[in-house]
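In the working numbering, the protein residues as written are 945 to 1143.
Glycine is no exception: its CB is placed at the ideal position from the N, C-alpha and C atoms.
To keep things clear, I will list the structure first and then write my remarks on it.
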């Protein structure tokens, strides 16, 4: 699958997970045995997907955007700064998952989603359009394969660098080095089932 299609799918999934979380926030119990537990599963899913998606973009998309697309250096730099802001807030959220259901947790998650909405708008209306114009279908498919591999091997928790680097390399390297530990952490967390995600 082409990189641009995969990015669009990820964007839709992240927003769908957020809607699931918010639906539980307003459910008021509704027969759910442990509302907090259900919300926590969706919070874990949101963190997991954003962390994987961000690393995939840092490693696969932004270097190509920067080097091969007109005005791509500026676009990649803006995207990295947006990622840096999201990663810092996501790290805070990741440390608060036992406080799911509190106004503080919801406030941080809402801020992340607001930042992501603007990032997504920019990517979908500018960055991905320029990539489709610049790269062939075969190149977009190859980038898609690389993106899938990075998401499978990369970190599943945020690892923000102190500051975004021009190449994004520092954050990506920190994340890749931490990926095995992330997977150990994930083994102790609950996530929505495949059926819950598919509905």
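At which residues does the alpha helix (DSSP H) containing residue i begin and terminate?
| i | result |
| --- | --- |
| residue 1063 | 1047 to 1066 |
| residue 1010 | 1006 to 1012 |
| residue 1077 | 1072 to 1078 |
For residue i, I'd like the list of residues in its chain whose CB is within less than 8 Å of its CB, leaving aside the five on either flank, ordered along the chain.
| i | result |
| --- | --- |
| residue 1053 | 962, 965, 987, 990 and 1037 |
| residue 1168 | No information on residue 1168 is available, as it lies outside the stretch 945 to 1143 that the chain covers here. |
| residue 1044 | 980, 983, 984 and 987 |
| residue 1076 | 948 and 1084 |
Looking at the structure shown, is residue i part of a helix, part of a strand, or coil, going by DSSP?
| i | result |
| --- | --- |
| residue 1134 | coil |
| residue 945 | coil |
| residue 1022 | helix |
| residue 978 | coil |
| residue 1091 | helix |
| residue 1044 | coil |
| residue 1140 | helix |
| residue 1101 | coil |
| residue 919 | With the chain running from 945 to 1143 in the structure shown, residue 919 is simply not present. |
| residue 1039 | coil |
| residue 970 | coil |
| residue 1085 | helix |
For residue i, I'd like the list of residues in its chain whose CB is within less than 6 Å of its CB, leaving aside the five on either flank, ordered along the chain.
| i | result |
| --- | --- |
| residue 992 | 1100 |
| residue 1134 | 985 |
| residue 955 | 1064 |
| residue 1087 | 947 and 1004 |
| residue 1074 | 1013 |
| residue 1108 | Reliability of the predicted coordinates at residue 1108 is poor, the pLDDT of 49 falling under 50, and no value is obtained from them. |
| residue 998 | 1027 |
In chain order, what residues of the same chain lie with their CB nearer than 7 Å to the CB of residue i, ignoring the 5 residues before and after it?
| i | result |
| --- | --- |
| residue 1056 | 1030, 1033, 1034 and 1037 |
| residue 1132 | none |
| residue 1091 | 947, 950, 1000 and 1004 |
| residue 1104 | 1028, 1031, 1032, 1035 and 1115 |
| residue 1050 | 969 |
| residue 1008 | 1087 |
| residue 1078 | 1012 and 1013 |
| residue 1126 | 1099, 1100 and 1101 |
| residue 1006 | 1020, 1023, 1024 and 1112 |
| residue 1106 | Legend: pLDDT at residue 1106 = 47, less than 50; position of this residue unreliable, value from coordinates given subsequently. Same-chain partners within the cutoff: there are none. |
Using 8 Å for Cβ pairs, my map puts residue i next to residue j. What's the rounded Cβ distance?
| i | j | result |
| --- | --- | --- |
| residue 969 | residue 982 | No, residue 969 and residue 982 are not in contact; Cβ-Cβ is about 10 Å, not under 8 Å. |
| residue 946 | residue 1081 | 7 Å |
| residue 1026 | residue 1059 | 6 Å |
Next on the checklist: Quick check: the region 994 to 1011 against the region 1027 to 1047, are at least 3 beta-carbon pairs closer than 8 Å?
Outcome noted: yes
Item to check | At least 3 beta-carbon pairs within less than 8 Å: the region 1063 to 1074 vs the region 1135 to 1142 | outcome: no
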